[in-house]
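K.L.:
One structure, pasted below without further comment.
Protein chains in written order, with my numbering: chain A, 792 to 1132; chain B, 792 to 1132.
Next up, the structure:
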């Protein structure tokens, strides 16, 4: 059986960020008086094997980038908050992440906000979310010195869509998904809703599907609105799902259910299919339907998490009035400096 | 059948705050150059009859206090965020509340954080929660001009416990529940967990019960810790529930299930029983067991909500450097001023 499409692994996509991140880390180490490496601290307070392996990946990726990583295991969940406070206060810690779920309820949302905004590499702080939904790019819109970061999983999927050339660079930035239709199966606050919003803000028509209903995110005809609007289409039924998939250029799945499989027959010939669920949401025969298929996204997410950390360090330096000459524009200059170090 | 105990209605308890709130409102109106009344805006974006009747109560209570109330109905939930932004920006709006649930998922937690901290009468902003859990009383601990408010439902229950004399005023403030044992059935982030934390911070031994398990919140033997610690006791079984209720002086229910009834036989003779669920969680025969029984708490919650609003106005004035001589200590002076107005 020969297929027309290709499977693209997240690891290949993640590699495209290596050069940028490694150069940036070198600059930071060189510009720091003590030459210490940036430090990311991960908090693990569950016994989820998925979290364990995610933590291991994070460690490996950090090391490959010249970043220090420390896994802090918290046996009693109820002490996690105090441990986060310690890391918030510790100048030696540059980034903090938590392997969720911890409590598996709204207390997890509380914990997300406990991480200091300045060290929140996952981009879960309310300030980052609100800025994202409203297309606000800076924490300080007047002076534009501190970038508002994006939540790392939705950001990773955007970067994957760029890599897959779903974003058309002939269109002006901010409208590069104009004309594209996407279906996102998941409307969590962590991934699905922000992803649908980001894609719609970039010009796509996005159908957001959760267990209850289906919504349409769009900037209106001819992209008349500057940010996305949301419209309820009705209950999540097979008929409606099939209908919206008919013309979908992109199908993105994030269904957190072990045996869930997206019906291959709903996929348009040559569509781009991306799965970000821990479980494989597509059947193997997706390869016979999709032009490009990305079976998982975790490795790109980790790269984005570390990219966020470097931006946070820049923000902190900007707040202190230190220029690290480490913006994307300054990358070449930065690499020169790092060679001298 | 004659019972030894008494049923106490929330309306009677709420009345005890009338004088304080009315006097304070008069002072504010008098000290304001335009003499306008404080304005609370409620956002209703669901069709829940409970929310409707809560909104009506809020209106009636506001009017009885000389506060303006405006109910803003938002037909499309997806426009609610924009409407909140409008109210955040509007200087004529002093307080904002949302009738939850709106989406019934994590997007509701997002919306909670959209309300400006300065107008968040429900006390749901993360800053207020984090301060509450850590017993931080001021937003500006150095200057102590701006009080950190408490989430209004847990605060209402604390005020009810004070009214019922469960708080012993012979003990120093901060330890007034020392020696008391309480069971709280609900561990939501909105009520149950903050309530257990507040009570344990005040010296009680609190058993926090949710659908999965039972935890113990305490400051340790002889109140050796300055804030509560949490210990897992195990799964929520009838045996364990019965055991912890055996010596409980206070049983507080908030089970959001229509047909749930707390087993009357678990209640210690003469215990204090309080229900904050919309549904009556106690059987009628609770009256034969409890010394004091409070069947609902909503009316006290509304008083606390308005008390919070007045504190927020004070905070805003303090931030602007305006003294309104309206602290609790300044109440008598304030009443004098209001008479002149």
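Note that beta-carbon positions come from the ideal geometry of N, C-alpha and C, so glycine has one too. Predicted, not measured: the structure shown is a model, and the values here were computed from it.
1) So residue 1001 (chain A) and residue 978 (chain A) are in contact, right, with Cβ under 8 Å, and what is the actual spacing, rounded?
2) I want to verify the contact list: residues of chain A whose CB lies under 9 Å from the CB of residue 980 (chain B), in sequence order.
3) Beta-carbon separation of residue 910 (chain B) and residue 879 (chain B) under 8 Å?
4) Under a Cβ-count criterion, where at least 16 other Cβ atoms within 10 Å of its own Cβ denotes burial, should residue 941 (chain A) be classed as buried or exposed?
5) Near residue 1121 (chain A), which residues of its chain fall below 6 Å by C-beta distance, leaving aside the five closest residues on each side in sequence?
6) Identify whether residue 1057 (chain B) lies in helix, strand or coil by the three-state DSSP scheme.
7) By Cβ distance below 7 Å, which residues in the same chain neighbour residue 899 (chain B) in space, the five residues on each side in sequence not counted?
8) Under the three-state reduction of DSSP, which class applies to residue 958 (chain B): helix, strand or coil?
9) Judging by CA-CA distance, which residue of B:1091, B:1108, B:918 and B:823 is the nearest neighbour of residue 800 (chain B)?
10) Can we count residue 956 (chain B) as close to the ligand SAH, meaning its CB is less than 7 Å from some heavy atom?
11) Is there a C-beta anywhere in chain B that falls below 8 Å from the one on residue 931 (chain A)?
12) Straight-line CA distance for residue 1048 (chain A) to residue 1069 (chain A)?
13) Per DSSP, which one or two residues make a beta bridge with residue 863 (chain B)?
14) For residue 905 (chain A) and chain B, any beta-carbon pair shorter than 8 Å?
15) Just to confirm before moving on: does the CB-CB distance between residue 1074 (chain A) and residue 1055 (chain A) stay below 8 Å?
16) So, using beta-carbon positions, are residue 914 (chain A) and residue 1099 (chain A) closer together than 8 Å?
17) Using a Cβ-Cβ distance under 8 Å, would residue 911 (chain A) count as near chain B?
18) What does residue 1041 (chain B) touch in chain A if you count any residue whose Cβ is under 8 Å from its own?
19) Please classify residue 927 (chain A) as buried or exposed, where buried requires at least 16 neighbouring CB atoms within 10 angstroms.
20) Give the C-beta separation of residue 999 (chain A) and residue 1006 (chain A) to the nearest angstrom, bearing in mind that I take them to be a contact with Cβ-Cβ under 8 Å.
21) Alpha carbon to alpha carbon, how far is residue 884 (chain B) from residue 1104 (chain B)? Give it in angstroms, no decimals.
22) Could you tell me the distance, in whole angstroms, from the CA atom of residue 1128 (chain A) to the CA atom of residue 1021 (chain B)?
23) Can you find a CB in chain A that lies within less than 8 Å of the CB of residue 1010 (chain B)?
24) I'd like the span of the alpha helix (DSSP H) that includes residue 1023 (chain B), first residue to last.
25) Contact defined as beta carbons within less than 8 Å: I believe residue 1025 (chain B) pairs with residue 1004 (chain B). What is the distance between those atoms, to the nearest angstrom?
26) With a 10 Å radius around its C-beta and 16 neighbouring C-beta atoms as the bar for buried, classify residue 903 (chain A) as buried or exposed.
27) Can you give the Cα-Cα distance for residue 955 (chain A) and residue 1083 (chain A), rounded to whole angstroms?
28) At which residues does the alpha helix (DSSP H) containing residue 803 (chain A) begin and terminate?
29) What does the alpha-carbon distance come out to for the pair residue 877 (chain A) and residue 869 (chain A)?
30) What residue does the alpha helix (DSSP H) around residue 1107 (chain B) start on, and which one ends it?
31) Specify, as a first and last residue, the run of the beta strand (DSSP E) that residue 1007 (chain A) falls within.
32) Going by DSSP, what residue range makes up the alpha helix (DSSP H) through residue 1049 (chain B)?
33) Any idea what DSSP makes of residue 1075 (chain A), helix, strand or coil?
34) From this set, A:846, A:1066 and A:929, which residue's C-alpha is nearest residue 945 (chain A)'s C-alpha?
35) Any idea which residues DSSP pairs residue 996 (chain B) with across the strands?
P.N.:
The structure says:
1) 4 Å
2) 896, 897, 898, 900 and 901
3) yes
4) buried
5) Annotation note: pLDDT 37 at residue 1121 (chain A) (below 50); position unreliable, coordinate value reported separately. Once the five neighbours on either side are set aside, residue 1121 (chain A) has no close Cβ partner at all.
6) helix
7) 891, 892 and 893
8) coil
9) B:1091
10) Annotation note on the ligand SAH: not contained in the displayed structure, which lists no ligands.
11) no
12) 9 Å
13) B:834
14) yes
15) yes
16) yes
17) no
18) Chain A residues near residue 1041 (chain B): none, gap ~22 Å exceeds 8 Å.
19) exposed
20) 5 Å
21) 10 Å
22) Bear in mind that the predicted position of residue 1128 (chain A) carries a pLDDT of just 34, short of 50, making it unreliable; the figure below should be weighed with that in mind. Looking at the two C-alpha atoms, the distance is approximately 50 Å.
23) no
24) Note, residue 1023 (chain B): premise wrong, no alpha helix (DSSP H); beta strand (DSSP E) at 1020-1026.
25) 6 Å
26) buried
27) 8 Å
28) 801-806
29) 14 Å
30) 1089-1111
31) 1004-1009
32) First-last for residue 1049 (chain B): undefined, no H or E at that position.
33) helix
34) A:1066
35) B:972
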